[in-house]
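Below you'll find the structure, written out as C-alpha cells, and then a few comments.
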Amino acid sequence: EDHRTLSGQAIVIGPRVRHRMTDEGGSVLLSAEWFAYLLFPAFAWLALRLQTRPWALLGIGAVAFVAIDALYVQAFGKVLPRAEDSLGILRIVPEFLIGMALYALGHRWRWSRPVAIAAALFTTLVLLGAMQLSLDDRIVVALCAPVILTWSLLARADCEGPLAAPALVFAGEASFALYLVHMPVIIAFKGVVAELRGIDSAFRITPVELTGLFVVTALIAVALHLLVEKPGRTWIRRRFESPRTNP
1 EDHRTLSGQA
11 IVIGPRVRHR
21 MTDEGGSVLL
31 SAEWFAYLLF
41 PAFAWLALRL
51 QTRPWALLGI
61 GAVAFVAIDA
71 LYVQAFGKVL
81 PRAEDSLGIL
91 RIVPEFLIGM
101 ALYALGHRWR
111 WSRPVAIAAA
121 LFTTLVLLGA
131 MQLSLDDRIV
141 VALCAPVILT
151 WSLLARADCE
161 GPLAAPALVF
171 AGEASFALYL
181 VHMPVIIAFK
191 GVVAELRGID
201 SAFRITPVEL
211 TGLFVVTALI
221 AVALHLLVEK
231 PGRTWIRRRF
241 ESPRTNP
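And the structure:
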C-alpha cells in the first residue's frame with residue numbers, strides 16, 4: 001500500500017474564527033502549537049500502545065475533548081475550539097489523539113469505490129451544512145472527524161483521482177509545517193524591519209515583501225517537513241504496518 005496518498009497524510013482541521021491578530025496573540029498561539037508539536041512523540045507512543053484498539057484511542061480523545069472543554073468553559077467562558085490566546089495547546093491534545101485513532105481506523109478499513117465516494121460526499125456536505133448554519137463550534141469540530149476518515153479512505157479505494165498527484169501530496173503533507181512556521185517568520189520580519197526603520201511593527205507589508213516572505217516561509221516549511229516531520233511519519237507508519245496490525 002502506497003501511503004504517499006490521502007491515506008498517508010496527517011490532516012488537521014479546525015475552525016478558524018475571526019479575531020484581531022496581534023504579534024503577541026499570534027506568538028502565544030504558535031508557542032502553544034509548537035509545544036504540542038514537540039510532544040508528538042508522546043502522542044505517537046500512546047497511539048502505538050493502542051494501535052490494535054483504535055476505538056479505545058478514539059474514545060480517549062473524545063472524552064479528553066469533552067472534559068477539557070468543560071473545564072475551559074468554566075475557566076475562560078469560551079468553548080475549547082475558541083482557545084486561541086489562552087492555553088491554546090488544550091485544544092490540540094485531544095485532536096492529536098483523535099487524529100491518531102482515525103489513522104488506525106483508516107489503515108484497517110477498505111471500502112469499495114462507490115461506498116468511499118458516497119461516504120466522502122455525504123460527510124463533507126454534512127460538515128458544510130453545519131458550518132453554513134453556524135452550529136456550535138464543538139459540533140463542527142466533531143463533524144470534521146468523519147470527513148477526514150472518509151476522504152482518506154478514497155485513497156484506500158484507489159479513487160482519489162488527481163488528488164494523488166505527487167506535487168499535491170507533498171504540498172498536503174508539508175502544509176502543517178507551513179502553518180507552524182508562517183507566524184514566527186512574519187513576527188520576526190516585522191520586528192526586524194520596525195527596529196531598522198524606527199517605526200511601529202503594525203506597519204502594512206507590501207506585496208513585494210509579502211512575496212519574499214512566502215518564498216522564505218515555504219523553504220523553511222519544506223526543510224522542517226523533510227528533516228523532522230517526514231522521518232517521524234515514516235517511523236510511525238512502519239510501526240502501524242507491522243504484520244500484527246494488518247487485518
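Position 111 of the sequence shown, counted from 1, bears residue number 111 in the working numbering, the numbering being contiguous throughout.
Every residue, glycine too, gets a C-beta built ideally from N, C-alpha and C.
Tell me the rounded alpha-carbon separation between residue i and residue j.
i: residue 45; j: residue 235; result: 11 angstroms
i: residue 123; j: residue 115; result: 12 angstroms
i: residue 180; j: residue 223; result: 12 angstroms
i: residue 199; j: residue 219; result: 28 angstroms
i: residue 113; j: residue 103; result: 19 angstroms
i: residue 227; j: residue 238; result: 17 angstroms
i: residue 106; j: residue 190; result: 42 angstroms
i: residue 100; j: residue 168; result: 22 angstroms
i: residue 231; j: residue 55; result: 26 angstroms
i: residue 233; j: residue 87; result: 26 angstroms
i: residue 201; j: residue 184; result: 14 angstroms
i: residue 209; j: residue 62; result: 42 angstroms
Going by the beta-carbon positions, is the gap between residue i and residue j smaller than 9 angstroms?
i: residue 95; j: residue 173; result: no
i: residue 89; j: residue 65; result: no
i: residue 141; j: residue 120; result: no
i: residue 68; j: residue 91; result: yes
i: residue 138; j: residue 213; result: no
i: residue 182; j: residue 217; result: yes
i: residue 278; j: residue 111; result: The chain is shown from 1 up to 247; residue 278 falls before or after that span and cannot be answered.
Taking DSSP as the reference, what is the three-state secondary structure of residue i?
i: residue 115; result: helix
i: residue 159; result: coil
i: residue 78; result: coil
i: residue 84; result: coil
i: residue 136; result: coil
i: residue 235; result: helix
i: residue 202; result: coil
To the nearest whole angstrom, what separates the beta carbons of residue i and residue j, a pair I think is in contact under 8 angstroms?
i: residue 58; j: residue 47; result: Between residue 47 and residue 58 the Cβ distance is about 11 angstroms, and since that is not below 8 angstroms, they are no contact.
i: residue 109; j: residue 49; result: Between residue 49 and residue 109 the Cβ distance is about 21 angstroms, and since that is not below 8 angstroms, they are no contact.
i: residue 127; j: residue 143; result: 5 angstroms
i: residue 221; j: residue 177; result: 4 angstroms
i: residue 159; j: residue 186; result: So it is not a contact: roughly 38 angstroms between Cβ atoms.
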